[in-house]
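Enquirer:
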Amino acid sequence: MFTRQQIATRVAEIGAQISRDYAGETVVLVGVLKGACLFLSDLARNIALDATFDFIGVSSYGAGKQSSGEVKLTKDVDSPLQGKNVIIVEDILDTGVTMTYLTKVLQAAQPKSLKIAALLDKPSRRTMPIQADYFGFKIPDEFVIGYGMDFAERYRNLPDVCVLEPEKN
Ligand code: IMP
Ligand code: MG
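In terms of numbering that gives the first Met the number 0, the sequence shown opens at residue 0 and continues consecutively.
1. For threonine 73, tell me which candidate among Leu42, Ile138, Tyr100 has the shortest Cα-Cα distance.
2. Could you spell out where the beta strand (DSSP E) holding glycine 135 opens and where it closes?
3. Take every Cβ of the region 134-144, pair it with every Cβ of the region 101-112, and state whether three or more of those distances are shorter than 8 Å.
4. Determine the direct distance from the alpha carbon of leucine 113 to that of valine 104, and round the result to whole angstroms.
5. Could you check if aspartate 77 is buried or exposed, using at least 16 other CB atoms within 10 Å of its CB as the buried criterion?
6. Is leucine 37 near the ligand IMP - that is, is its Cβ less than 7 Å away from at least one heavy atom of it?
Encoded structure:
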């Protein structure tokens with residue numbers, strides 16, 4: 000769906016936008032494990048600010064493509080976020096259930112500001128009223144893999160974002 004070159008170009012644009020929006024400030028990039036790892040590492044290198052990283056873990060999807068509909072915190076952030084400019088870095092905004100839950104959890108830590116950066120956005124799937132402040136690409140309702148995103152934990156290491164073909168039988 001998107002080549003590594005297209006991703007790199009877009010991620011550089013988002014990084015430049017964030018650098019302008021937070022000029023003179025520090026930011027904490029909070030990556031959502033594990034899907035956002037590659038996006039965070041590329042995005043961070045395109046942000047010309049005093050930045051730190053943290054990570055948060057959630058489980059919502061089982062081994063397949065369907066969400067269990069229930070979000071569980073599997074790892075909290077390591078450092079206090081009070082008074083910080085926090086940017087949640089996520090691979091894909093789908094139904095919005097995960098991000099709604101995470102914004103609630105992180106808002107409770109009383110950050111100075113809280114924004115969402117998602118590489119991909121599937122707006123047609125949304126069941127919760129939530130939007131990304133920064134996003135790479137809007138995509139149709141297809142299941143994608145690669146560049147951090149998995150199907151049953153595989154394919155995260157593909158350098159391009161690819162569509163997972165439905166099984167033929
Ligand atoms: P949501 O709670 O429905 O918004 O789901 C968010 C999470 O589901 C994302 O962080 C992804 O980990 C996963 N997800 C949603 N769509 C896809 C996809 O097309 N490929 C891989 N993972 C996906
Ligand atoms: Mg994820």
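Ideal Cβ placement from N, Cα and C applies to all residues, glycine included.
Expert: Reading off the structure:
1. Tyr100
2. 133-137
3. no
4. So the alpha carbons of these two residues sit roughly 11 Å apart.
5. exposed
6. no
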